[in-house]
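Visitor: Protein sequences appear in the order of chains A and B.
My numbering numbers the first residue of the first sequence as 1 and each following residue consecutively.
My numbering numbers the first residue of the second sequence as 1001 and each following residue consecutively.
Just so you know, even glycine gets a beta-carbon here, dropped at the ideal spot from N, CA and C.
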Amino acid sequence: MNTSVQLIRERLVDFPNDGVGRDGTLVWLLAYAGRLLRDNLDEYIPLEITTQLLFPVDRFVGLDLTWEQHQKRYTELLKSVETDPVLRTNYLTAYELAAVDTGRPHLDISTIEHPQLNRPLMMVPHLYGAFLIGIASVSYADWHCTQRDLTEHGQAFYERVKRIFPSTKLGLLTLRGTEPLVPLVLKSDTDDA
Amino acid sequence: MQSEKSYDGFLNPPGECRISNEGERVWLFVRAPIDSVGAIVMEPYDMTATDRTYEAERAAYDALRFGLSLDEYQKQVKRIRTSLFVPNFTFRSDYGFFYDEMVSRPVLAVFLMGAFEKRYHEQVYTYDDLTDDGKAFYDFIRALYPDSELYLATALET
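(1) Please name the residue or residues paired with E113 (chain A) in a DSSP beta bridge.
(2) Could you name the residues that DSSP lists as bridge partners for W1027 (chain B)?
(3) Closer than 7 Å, CB to CB, is K187 (chain A) near chain B or not?
(4) Distance, Cα to Cα, L1152 (chain B) vs L1084 (chain B)?
(5) Excluding five sequence neighbours on each side, which residues of the same chain lie with their C-beta closer than 8 Å to the C-beta of L170 (chain A)?
(6) Given a threshold of 16 other Cβ atoms within 10 Å of its Cβ, counted over all protein chains shown, does G129 (chain A) qualify as buried or as exposed?
(7) Starting from the C-beta of E1004 (chain B), find all residues in its chain whose C-beta is less than 6 Å away, skip the five residues before and the five after it, and write them out in chain order.
(8) Using a cut-off of 8 Å between C-beta atoms, extract the partners of Y128 (chain A) located in chain E.
(9) Please name the residues in the stretch 149-179 of chain A whose beta-carbon is closer than 7 Å to at least one beta-carbon of chain B, in chain order.
(10) With burial defined as no fewer than 16 other Cβ atoms inside 10 Å of the residue's Cβ, what is the status of D149 (chain A): buried or exposed?
(11) Beta-carbon within less than 6 Å of T50 (chain A)'s beta-carbon, same chain only, minus the 5 sequence neighbours each way: which residues are those?
(12) Using a C-beta to C-beta distance shorter than 9 Å, which residues of chain B count as neighbours of H106 (chain A)?
(13) Thinking C-alpha only, which one of B:A1060, B:S1148, B:T1090, B:E1055 is nearest V1041 (chain B)?
(14) Taking CB distances under 7 Å as the criterion, tell me whether R38 (chain A) reaches chain B.
(15) Since W67 (chain A) is in the beta strand (DSSP E), which residue starts that stretch and which ends it?
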């Protein structure tokens, strides 16, 4: 990545010091339309006011909202890997499958595909918006961003975004790699981005 | 802080009279200064235009009214938008076809600035159509992502 440009002026995320890989790490602040996450929608919500993020499932490290359940399910799957026929026939790794099993309604596997990627896309739905708030040039063994990892500026930004729309529910999404979440494909020049 | 049911957020429409019953949605995009980082997102539903491209698109529309062919007009609009949005060859359905939409070039952030259930603006929302709180948020985001380009996309919900 070209580091001569300044992507984010303030440091919003306190990354750990002990990086273990060179893949890099991204942290996105997600602003969910909280009422759309409920099973029983009890009031009118205007249509078409949310968007979604899409990224390859193998870039998923963790979402703070689902991390505990994700890790617990992952442990269960690792124990059952020799005997579970579903897992053996699934295209997802145990880590990815655990993320999907425990992700709904905050994230899910998308039916949308990318012509240059051979892994499924993960979808974060029901978003008022998303902000890239942290970029690290290294990756970590066992770290995902939580609210405790935000700097003072990060906390202030978090609180500011939370207050803008009703029922906003915030999440912190940690992804592996610093490249675009998916490559942009142009009809005439597929190497453009 | 907005009321619990309000989605007007940061918008300050230029008139109180509704123009139509189409809902308005206004999205803030933060265009990454480089293409090697960011997210690619679908064009907002039924996007009218962006504040960065509206004047050029309007000139193309005027040309259409005065004899430019529809095909050429559509090509012009595509060219005008191409620095921000491109035809979608990035995401396809599980049936194998590409969605008939555009996608953004990589962005560092995308956020709903507000939504109305009626249309109040004849054109597109610009910075001047934001409330003081909206302008403060916009300015904050512009400062947070210093080398990026911000633009507002106005979309209709029909």
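Guide: Quick look at the numbers:
(1) Taking the first residue of the first sequence as position 1, residue 113 (chain A) is located at position 113. According to DSSP, residue pairing for E113 (chain A) in a beta bridge involves B:R1092.
(2) The sequence position of residue 1027 (chain B) within the second sequence is 27, counting from 1. Paired residues: B:L1112, B:A1153.
(3) As a working note, residue 187 (chain A) is residue 187 in the first sequence. With 7 Å as the cut-off, K187 (chain A) counts as an interface residue toward chain B.
(4) Reading the second sequence from its first residue, position 152 is the one you call residue 1152 (chain B). Reading the second sequence from its first residue, position 84 is the one you call residue 1084 (chain B). Those two C-alpha atoms are separated by around 11 Å.
(5) Your numbering for residue 170 (chain A) matches position 170 in the first sequence. Annotation for L170 (chain A): L29, L30, A31, Y32, Y158, V161, K162 place their beta carbon closer than 8 Å to its own, counting only its chain and skipping 5 residues before and after.
(6) Counting from one through the first sequence, the residue named residue 129 (chain A) turns up at place 129. It counts as buried.
(7) Taking the first residue of the second sequence as 1, we reach residue 1004 (chain B) at position 4. Only weak support exists for where E1004 (chain B) lies, its pLDDT of 43 falling under 50; the coordinates are left without a value.
(8) In the displayed structure, chain E is absent; the protein chains listed are A and B.
(9) R163, I164, F165, P166, T178, E179
(10) Here residue 149 (chain A) corresponds to residue number 149 of the first sequence, with the count starting at 1. Burial call: buried.
(11) Against the first sequence, residue 50 (chain A) aligns to sequence position 50. Within the same chain, T50 (chain A) has close Cβ partners A33, H126, L127.
(12) Position 106 of the first sequence, counted from the start, is the residue given in the question as residue 106 (chain A). In chain order: nothing, as chain B lies at least about 17 Å away.
(13) Taking the first residue of the second sequence as position 1, residue 1041 (chain B) is located at position 41. Closest by alpha carbon: B:T1090.
(14) For the purposes of this step, residue 38 (chain A) is taken as residue 38 along the first sequence, with counting starting at 1. Cβ-Cβ to chain B under 7 Å: no for R38 (chain A).
(15) Your numbering for residue 67 (chain A) matches position 67 in the first sequence. From DSSP, W67 (chain A) is part of no beta strand (DSSP E) but of the alpha helix (DSSP H) over 67-80.
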